[in-house]
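What follows is a short report on a single structure.
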Amino acid sequence: MNSTQLLSKHFRDVHFGGNWTSVNLKDTLAGVNRQQATTKVHDLNTIAVLVFHINYYVAAILKVFQGHALDAHDKFSFDLPAIATEEEWQALVDKTLTEATQLAVAIENLAEEKLVQDFADPKYGSYYRNILGVTEHTHYHLGQIAIIKKMVLAEK
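Position one of the sequence shown corresponds to residue 1071 (the numbering used here), numbered consecutively onward.
So, in C-alpha cells, the structure goes:
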C-alpha cells in the first residue's frame, strides 16, 4: 500500500471499522435514535451535535478534493439545525457516512506527491496534515460519542 492508500484506510477505519481501537462511528451510531441522539447530558454536546461537527470538517475537506475553495469556519461547526424527526436524524447519519466514504475514495486516489503540498492555503498546512487531522478529530469526538451514548442509555 502506498501512503495515500494507508491514510485512506485509517480514515475509513474510524468511520466503518477495522481500526486499532475496535471502535467506529457507524457501529457506535447503530441503534441510536433521534431522542437519544438529541438528549442533553449535563453540559456536554449531544451525540447529534458531535456527528454534525465531525461531518462539518469532513464535508469541507471533501469539497477541496472536489476542486472547490475551502469554506469552513470553526464558529459554525457546531450549528446543527434542529432535528425534529427520526428521518432527519437518519439523514444526518447517512450524509456523514456517505461523505466519509467519498472522502476516503478521494484520499486513496490522491497522488502521493500531493500529500506534501499546501491544502487550500499555506496557513492550513499540507494535505497530509489535514487528512491526518480530520482522522484524529473523528477519533477524538467518537470517544465522546461513545461515552455520551453510555450515559444516555444508562438514564433509561
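The C-beta atom is built at its ideal place from N, Cα and C for all residues, glycine as well. Remember, it's a predicted structure, so these values are computed and weren't measured experimentally.
Return the chain-ordered list of same chain residues with a C-beta closer than 7 Å to the C-beta of residue i, the five sequence neighbours on each side being excluded.
i     : result
L1120 : H1211, Q1214, I1215
T1205 : H1080, F1081, V1084
For the alpha helix (DSSP H) containing residue i, list its first residue and its last residue.
i     : result
K1133 : 1117–1135
L1173 : 1156–1178
A1107 : 1104–1107
T1074 : 1073–1086
K1096 : 1095–1099
Roughly how many angstroms separate the alpha carbons of residue i and residue j, rounded to a whole number?
i     : j     : result
K1079 : V1222 : 31 Å
A1152 : E1183 : 42 Å
S1073 : N1179 : 11 Å
A1100 : D1164 : 11 Å
F1189 : Y1197 : 5 Å
A1174 : T1168 : 10 Å
So, for residue i: in the same chain, excluding its five sequence neighbours on each side, which residues have a beta-carbon less than 6 Å away from its beta-carbon?
i     : result
I1201 : L1077, I1177
H1209 : V1084
Which residue or residues does DSSP assign as beta-bridge partners of residue i?
i     : result
D1188 : S1196
Can you list, in chain order, the residues of its chain whose CB lies under 8 Å from that of residue i, leaving out five sequence neighbours each side?
i     : result
Y1194 : L1140, D1188, N1200
Taking three-plus beta-carbon pairs below 8 Å as touching, is the region 1138–1155 in contact with the region 1103–1111?
-> yes
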